[in-house]
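2 protein chains.
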Amino acid sequence: MVKTARSGAENGPVGPHVVRRVTASAVLDELRSGGPFTVSELVDLTGLTRATVIAVCEDLVRRGWAEEHVLERLGPQRGRPPRTFGFRADGGVVVGLDIGAHKTTALVADLRGEILGTASGAFRDSEPGARERLDVVSSTAVAALRAASSAPERVLAVGAGVAAPVDRSGHVAEGSDFWEMFDVGLAAALRERHGWHVLLENDANLAALAEQWLGAARGLDDVAVVLAGERLGAGLIESGRLLRGRNGAAGELAFLGLVDGAVGPHGIAQLAREWGAEAAAQSRGLAGLAPADVTAEAVFAAADDGDPAAEGVLRRLEGRMARVIAVLSTLLNPELVVLGGAIAPAAARLLPGIRLELKELTETPAEVEVSALEGEAVALGAVRRALDDVAERALEIDLPGSQAG
Amino acid sequence: MVKTARSGAENGPVGPHVVRRVTASAVLDELRSGGPFTVSELVDLTGLTRATVIAVCEDLVRRGWAEEHVLERLGPQRGRPPRTFGFRADGGVVVGLDIGAHKTTALVADLRGEILGTASGAFRDSEPGARERLDVVSSTAVAALRAASSAPERVLAVGAGVAAPVDRSGHVAEGSDFWEMFDVGLAAALRERHGWHVLLENDANLAALAEQWLGAARGLDDVAVVLAGERLGAGLIESGRLLRGRNGAAGELAFLGLVDGAVGPHGIAQLAREWGAEAAAQSRGLAGLAPADVTAEAVFAAADDGDPAAEGVLRRLEGRMARVIAVLSTLLNPELVVLGGAIAPAAARLLPGIRLELKELTETPAEVEVSALEGEAVALGAVRRALDDVAERALEIDLPGSQAG
DNA sequence: GCAGAATAATTTAGACTCTAAATATAGGTC
DNA sequence: GACCTATATTTAGAGTCTAAATTATTCTGC
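These protein sequences, in sequence, are chains S and E.
So the first sequence is numbered by this note's numbering: it starts at 22 and just counts up by one.
So the second sequence is numbered by this note's numbering: it starts at 22 and just counts up by one.
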């Protein structure tokens, strides 16, 4: 659909080596996604010739992406012992950052996504400046690297999630006054300080990647992940691709106001407080709390005790969520909607009600599940994003310690 | 984001010829998108060597995709006269079909998208059976080919739009009882009868392709096209790609009920009638029409005459449209929303009101324009779809009349 | 121990493609 | 007619793949 780019001139010179790029990618993909393989297995998997597979593997070993395994033969086998090659998951590391309003989390993972180290840090000020944020983020990342017994030089890519729209070029959308100045700062500053390749991304988008990778949406290609808590936003994946929209603002759910007449967008936690306080004020009970003391947790706890007013609040929340999911289902037709964010722990109890209402609201209801990734979805998604980037650039990257020219 | 497929084995054998495929694509893309070029120009455009470009061009000529032009030199020029090559737009044709409820339209275009012939046919029965539909569609397509002085054997691809969800594999989504049986019938039957390669697609999706190709959204990568009339649906393009969703149902706008409390989905024309009739019944005028006589056209005409009740209906329509567009803008963040379908002729007068309301409803309002493609959007989009398919498969297609083995 | 079977690695020959550099060609200019 | 210019063609060299032939390693059975 419409040309992508003046094709040739920019895509580097063509030549016999592009063939090698294709074959090397094929082999590397197999190695990355599976255990060590014998050459014969790789021949079967890729459809390439034995001679080619060996040449490619030796190439990959030289470049640091693969290693030859010394095989331990279990039982007696016939024939010449095969050579086996495996992916070098320790060829480098990636970092996943979840940069929140008050704190930041860093994960360090190997090239297969195994988490090697974690750290988190809090911003001292409640409204920290760019410098403060940058320092905390940077030192948290370094701390996670230390916990992983790794070092900044070994980092091949960094994924970073922020609670703001991020466009396709990795810039925080204009008009988002708070982040506007900081975004360029983050990617540029981390590159400056450590030489890192930073991929900035909206947090809900990363949560979606994480759910698709390790969570409730594992392996599905059409998914929406709703992050509900103080904020409300969604990460959308269609046909395996993140949707960002023109300015990176896709996935905002501020149409809530249109859906049931509320004024402006509201996080679910906020709503629970607000509606809970209403109920308390109307002296409908809620465990005798004063309206000012009503927290989201208190409402959920009261509902557990059978408080009818609190249960009424939950019904309203179910309705609200069902409407949001109904709009997503109708407009985007995902296979599954995952509920995540701060609401996740409480969401399980809303699920039956939501599913029931959803069926009435749309002809194409998605499945609905609750995230099981706890607080780590965004950081895990950042890891996934970084891994994807590394996989894409693999053959252009010179791995530290490789003997390649 | 997750592996796509067991890479190698299915992708055909690798070898030096894949390089040729790359270079040939690069040259062919340039030729297709521009006038005839001299070899030197192609060298600049593609970054390839002169020797390569000539070899590739001669290859393309042999395969029927390009032709060598005899140059007419305008003024005196220095140097050896260059060879020039051009795309052979007449190497074959594509067909675009708009299969509606009551009639069908067929366009025939050359490989550059120039429309060569048109035809349309009506179904005799109001609820025609599969056989009747198939016969009319087939003969309409053949009539359009005749009008284009072409023939069924020259058809390289057929795009076909239907008013039903179509999933990625080209099948009408299950549960859509009416089309369910017919869809497979259409693609299979046209292949059977004429050997055509048929690409079934949702009509709103095709309208979106058309707007992006020739219409108000020319060249934009993030667009939504709302088809409003008796029915209501949208075609969504994000990052240059159509969104289909899990079952092809993406773009449905039946969430309208959620947005302002209406029951079930309603086409705009229906609403105009309904609300107009309400207004008439409340004896608020509407040019003295009896409620039963109120048509959408009558409402718009009355508004033109300054009838306040009719204007009230238009305000309500503006509000409804603005809400729909607001949801699209917020959730998908397109750059532009195009209003098309039966509403298009009347929509221009709603535009100012819609734009004004939209700004109040979302933080990321899209631009809003009215389609200028008149009734042809779907059929044109079908042509575009077919052309894209041909472009993608170009080097695997044996063009009729080529001397390639 | 040793021939033979089984499996895999390595080598060799052949084909195709690209680039780069050298050579040839077709016009115009002086 | 000699020269200049822009282009075309040829030639040499390198990289890559496949396919087929050759060599290597191990186990089995006697």
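We put the CB at the ideal spot given by N, CA and C, even for glycine.
Residue interval of the beta strand (DSSP E) (run including residue i)
i, result
"HIS90 of chain S", "87-90"
"GLY361 of chain S", "357-361"
"SER141 of chain E", "136-143"
"GLU259 of chain S", "253-259"
"GLY374 of chain S", "Note, GLY374 of chain S: premise wrong, no beta strand (DSSP E); alpha helix (DSSP H) at 372-382."
"ALA178 of chain S", "176-183"
"GLU390 of chain E", "388-391"
Inter-residue Cα distance where the pair is residue i and residue j
i, j, result
"ALA178 of chain E", "VAL163 of chain E", "14 Å"
"GLU153 of chain S", "SER190 of chain S", "25 Å"
"LEU352 of chain E", "ASP146 of chain E", "41 Å"
"ALA275 of chain E", "GLY117 of chain E", "27 Å"
"LEU166 of chain S", "THR139 of chain S", "8 Å"
"GLU295 of chain E", "PHE321 of chain E", "13 Å"
"ARG239 of chain S", "LEU63 of chain E", "46 Å"
"ASP119 of chain S", "GLY256 of chain E", "34 Å"
"LEU211 of chain E", "SER350 of chain S", "33 Å"
"ALA249 of chain S", "ALA317 of chain S", "12 Å"
"LEU241 of chain S", "GLN233 of chain S", "6 Å"
"LYS124 of chain E", "GLN291 of chain E", "20 Å"
"VAL391 of chain E", "GLY327 of chain E", "23 Å"
"ILE289 of chain S", "ALA324 of chain S", "16 Å"
"LEU408 of chain S", "LEU66 of chain E", "34 Å"
"ARG376 of chain E", "ALA343 of chain E", "7 Å"
"PRO173 of chain E", "VAL82 of chain E", "23 Å"
"VAL60 of chain E", "THR70 of chain E", "10 Å"
Assigned secondary structure, residue i (DSSP; H/G/I helix, E/B strand, else coil)
i, result
"GLY402 of chain S", "helix"
"ARG27 of chain E", "The pLDDT assigned to ARG27 of chain E is 35, lower than 50, so where the model puts this residue is not dependable; a value taken from the coordinates is nonetheless given after this. Correct three-state label for ARG27 of chain E: coil."
"VAL315 of chain S", "coil"
"LEU292 of chain E", "helix"
"ASP243 of chain S", "coil"
"ASN226 of chain S", "helix"
"LEU207 of chain E", "helix"
"ALA110 of chain S", "coil"
"LEU221 of chain S", "strand"
"VAL411 of chain S", "helix"
"ALA130 of chain S", "strand"
"ALA172 of chain E", "coil"
"ALA249 of chain S", "strand"
"LEU263 of chain S", "strand"
"GLU273 of chain S", "strand"
"GLY426 of chain S", "Since pLDDT at GLY426 of chain S reaches only 49, below the 50 mark, its modelled position is unreliable, and the value read off the structure follows with that caveat. Three-state DSSP puts GLY426 of chain S in coil, outside helix and strand."
"PRO286 of chain S", "Note on PRO286 of chain S: pLDDT 48, under 50, position unreliable in the model; the coordinate value appears next. Here PRO286 of chain S sits in coil by DSSP."
Rounded Cβ spacing between residue i and residue j (contact assumed at less than 8 Å)
i, j, result
"ALA415 of chain E", "LEU379 of chain E", "Wrong, their Cβ atoms sit about 41 Å apart, outside the cutoff."
"VAL129 of chain E", "SER171 of chain E", "6 Å"
"ALA270 of chain E", "THR385 of chain S", "5 Å"
"VAL183 of chain S", "VAL176 of chain S", "Actually they do not touch by this definition, with Cβ atoms about 19 Å apart."
"LEU220 of chain E", "LEU155 of chain E", "About 17 Å separates the two Cβ atoms, so there is no contact after all."
"SER141 of chain S", "ALA122 of chain S", "Not confirmed; about 14 Å, so no contact."
Where the alpha helix (DSSP H) through residue i begins and ends
i, result
"GLY333 of chain S", "329-353"
"ILE120 of chain S", "Segment 114-120 is the beta strand (DSSP E) holding ILE120 of chain S; no alpha helix (DSSP H) there."
"THR44 of chain S", "37-54"
"ALA168 of chain S", "151-168"
"LEU63 of chain S", "60-67"
"LEU81 of chain E", "71-84"
"PRO366 of chain S", "365-368"
beta-carbon residue i near the ligand ZN non-hydrogen atom, thresh 7 Å
i, result
"VAL129 of chain S", "Looking at this structure, you won't find the ligand ZN or any other ligand, since it has none at all."
Is it a yes or a no for the stretch 217-228 of chain S touching the stretch 394-402 of chain S, going by three-plus beta-carbon pairs under 8 Å?
yes
Is the stretch 67-77 of chain S in contact with the stretch 33-49 of chain S, if contact means three or more CB pairs nearer than 8 Å?
yes
How about the stretch 105-112 of chain S and the stretch 86-93 of chain S: do they share at least three Cβ pairs that are nearer than 8 Å?
yes
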